[in-house]
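Read in my numbering, the sequence shown has 2 at position 22, and its numbers run on one by one without any break.
Below is one structure; the comments refer to it alone.
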Amino acid sequence: MNDVTRPLRVRDLQSDRLEVSIPAVESAALLQGRRELMIRHGAELYRLRLTASNKLILTK
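Structure follows, in structure tokens:
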């Protein structure tokens, strides 16, 4: 495991049992100091933007 990804544990809401381990990527590692970037998914392009209120918006 490297500095960019680390497991995100998702728990079952009813039993508090560990259900799934999902890799997590730090947004700073994706954005690398920029306010937005384009993500190619198959033939489609998406824009990931960091807002002034520090929220992420993903648009097609």
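Just so you know, even glycine gets a beta-carbon here, dropped at the ideal spot from N, CA and C.
Beta-carbon gap between residue i and residue j smaller than 7 Å
i, j, result
"Y26", "I37", "no"
Same chain, Cβ closer than 6 Å to residue i, neighbours up to 5 away in sequence not counted
i, result
"R29", "E16 and I37"
Same chain, Cβ closer than 8 Å to residue i, neighbours up to 5 away in sequence not counted
i, result
"L11", "L17, L28 and L30"
Sequence-distant residues of its chain with Cβ nearer than 7 Å to residue i (five each side left out)
i, result
"K40", "E24 and Y26"
DSSP beta-bridge partners of residue i
i, result
"L10", "DSSP output for L10 lists no bridge partner at all."
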